[in-house]
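Each residue of the sequence shown is one higher than the last, beginning at 2 in my numbering. Notes for the one structure printed next.
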Amino acid sequence: MPSFRLLSVRFTIALVLAGATFYTLFWRSEASSYNRIGNAFSSLREGIAHPAANAINLEAYLGLHHKDASFNKFAHRIESANDFLPHFAAVLELPNITMAEAKETCTWTKEDRINYQFGESLNEEGWVNASWTVRERQDWELQEPRGVWQNWIREKMLPYSDYKNKFSGRGIVIVGGNGKTVPRIKVILNALKHLKSEMPVEFHTYGNEMTKEVRDELLRLWPRSYFNDLAHPSNVMHSKPATLFINYHLKTAAVINSRFAEPLLLDSDNIPTIKPEELYESATYKEYGTVFWPDMSRTRPNNPVWVITNTKCKMDEWEQESGQMLVDKRKFFYHLQLAAWLNNVHGQYWNNFILGDKDMFRFSWHALKTPYGTPTKWLTSVGMNSELPKGGTFYCGHTFAQHHPDDGRVAFLHGGTLKTVAPEVLQWLRDERGGTFGWYKRSKHDEDMMAHSVFNGIPDGADYMPDKYKPIERATMCTDFEDIEARPFEELIPGFEKLFQQYGGYWQLDEKNKKKANS
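Structure below.
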């Protein structure tokens, strides 16, 4: 079985984008300091300041307000952030679990062929140190990282009362505004226009990433636009600088620092297919105050994150796919603080287990023993299904369809690997095969969160294309359900391929053809 089958699409993209050269030049010295130890927990990358003058001391706060620690198993129903504080105090009094206790609740075997985020590896010198997948971490090794976040909750949270007037209303939050993210953002804004959405959009960048020209262009396209520089001292929580690499920490920072009280976090390559306003009216959101959409992978039973967050492994839970997330910050201000703090201050450590923002929200909720909302349907794979010269077909899923929390309609099309498809393939698909959104595969068990369908990650060699059109390198990485027949995408969203073209979805080709015409 190829090892890459065990990696999620997001992890595969990250490895490709990272590259050996970048790692050697920019990250090796720091990564090695973590990876040589393997279980070290360090504050080498401190980036969020917590002024002693206004940080909460949980014990003192409860004493001042004559409140006792009180565990609430329905914590998601707590109405306001400060009302969580007695619950947090009770959470900190819970006995710490062992690795044996954490993993005993997930009983998968190798015969189940579970898609885990990390494949088994003893390599301690790579982009992440996943040696824990084989060499299980001992309980004593995980005491310090667990104690660090518990102490932060105990003494260092920023008080909701000091910041509650900094945000209000509902809106979309997008991290990006430089390079290739700009044309992708335009696709989103054109989709919002088509859907007749009236939601404001807030763009988060770091420093001078977004030029005045880009800002003016986005304002012309979407006048209800706002802009936030995550490097500015006015932010609630301050982030470490952006890098040339993937900046997982900026998404958690964007949510806590957003002007919106109820932000909808959206990746720049994620196209809404229904009015986002509808999501706020869903029964799921009204009950939980959150909607976390699922990824394709499960979290390994022996992942240290279970022990660190004092949570037993859950077989009915997928990892989180943070290309979209809905949250009520008035309720979960402290949960979001924890996610942003861990992802920023200790980001390199956490990347070894959960790859930054992708699951930092989920495990912050777990750490604070708060249920969260999820859609009733698992994701659907969307892509292309091409005939091969020697017979048969090749299915390549490049996009995840994510669903309305309650009724199962497709709400988003998140182009996980669509942005990596070779231009030659895009051109050929658009001009000769009717487009890239032709087919989909949906699990037969997509409403049973305990069930599992095998998802493969496979390279696309473009063997279905005539030789004269083939790209020099591989076309992309694809996802594929085993033993599930591909069906026409028109069944799910009639006419979407035409809409995608109208939105400017083939901007890479438009830019390429424009340059060619001017040369």
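Backbone N, C-alpha and C fix where the C-beta goes; we use that ideal spot for every residue, glycine too.
Per the coordinates, the alpha-carbon of GLN509 lies some 22 angstroms from the alpha-carbon of PHE204. With respect to LEU343, MET326 sits apart: the two C-beta atoms are not nearer than 8 angstroms. For TYR161 against PHE334, the beta-carbon gap comes to about 5 angstroms, under 8 angstroms, which counts as contact.
The criterion of a C-beta distance shorter than 8 angstroms is not satisfied by VAL202 and GLY178.
Minimum Cα-Cα distance from GLU388 among the listed residues ASP464, PHE413, GLU320, THR381 corresponds to ASP464. DSSP, read as helix, strand or coil, puts ASN352 in helix. Look at LEU327 here: in three-state DSSP terms it is strand. Our two residues, LYS517 and GLN139, have alpha carbons roughly 59 angstroms apart in a direct line. Of all alpha-carbon atoms in THR285, ASN303, LYS241, the one lying nearest the alpha-carbon of ASP408 is that of THR285. Fewer than three Cβ pairs drawn from the segment 102–111 and the segment 276–284 lie within less than 8 angstroms of each other, which leaves the two stretches out of contact. Taken through DSSP and simplified to helix, strand or coil, ILE154 comes out as helix.
For ILE485, no beta strand (DSSP E) segment is defined, and its DSSP state is neither H nor E. Under the three-state reduction of DSSP output, ALA192 falls in the helix class. Here VAL383 is not near ALA412, since their CB atoms are 8 angstroms or more apart.
Secondary structure of LYS378 (DSSP, three-state): coil. Closest in C-alpha terms to ASN83, from the list LEU95, LEU93, LEU63, ASN97, comes LEU63. ARG147 sits buried, since 16 or more C-beta atoms from the chains shown fall within 10 Å of its C-beta. Around the Cβ of TYR289, a 10 Å sphere holds 16 or more other Cβ atoms; the residue is buried. Fewer than three pairs of CB atoms, one per stretch, sit closer than 8 angstroms, so the segment 416–435 makes no contact with the segment 357–372. The C-alpha of ILE485 is placed about 47 angstroms away from the C-alpha of ASN236.
Distance between ALA91 and PHE497, taken at the CA atoms: about 49 angstroms. Taken in chain order, the unbroken stretches of alpha helix (DSSP H) that lie wholly in the segment 419–477 and span 4 residues or more are 424–433.
The C-beta distance from PRO305 to PHE261 rounds to 33 angstroms, too long to fall under 8 angstroms, and the pair is not in contact.
Between TYR441 and THR377, the C-beta spacing is not below 8 angstroms.
Using a Cβ-Cβ distance cut-off of 8 angstroms, the segment 259–279 and the segment 182–202 are in contact, since at least three pairs of beta carbons, one from each stretch, lie closer than that value.
Between the alpha carbons of ARG225 and MET200 lies a distance of about 7 angstroms. Taking ALA254 as reference, the option from LEU266, LEU265, SER240, ARG488 with the minimal CA-CA separation is SER240. The C-beta separation of TRP307 from LYS313 comes to about 7 angstroms, placing the pair in contact by the 8 angstroms criterion.
Setting aside the 5 residues that flank it on each side, ILE98 is surrounded in the same chain by ASN311, each with a C-beta closer than 6 angstroms to its C-beta; the list follows chain order.
About 21 angstroms separates the Cβ atoms of LEU280 and ASN258, ruling out a contact at the 8 angstroms cut-off.
ASP358 carries a helical assignment under DSSP once its states are collapsed to helix, strand and coil.
Between PHE168 and the set LYS499, ASP329, TYR396, MET478, the nearest pair of CA atoms involves ASP329.
About 6 angstroms separates the beta carbons of HIS250 and GLY357, which is inside the 8 angstroms limit, making them a contact pair. With fewer than 16 neighbouring CB atoms inside 10 Å of its own CB, ILE473 falls in the exposed class. In the structure shown, SER226 adopts extended strand secondary structure according to DSSP, grouped into three states. Beta-bridge analysis with DSSP links MET385 to CYS397.
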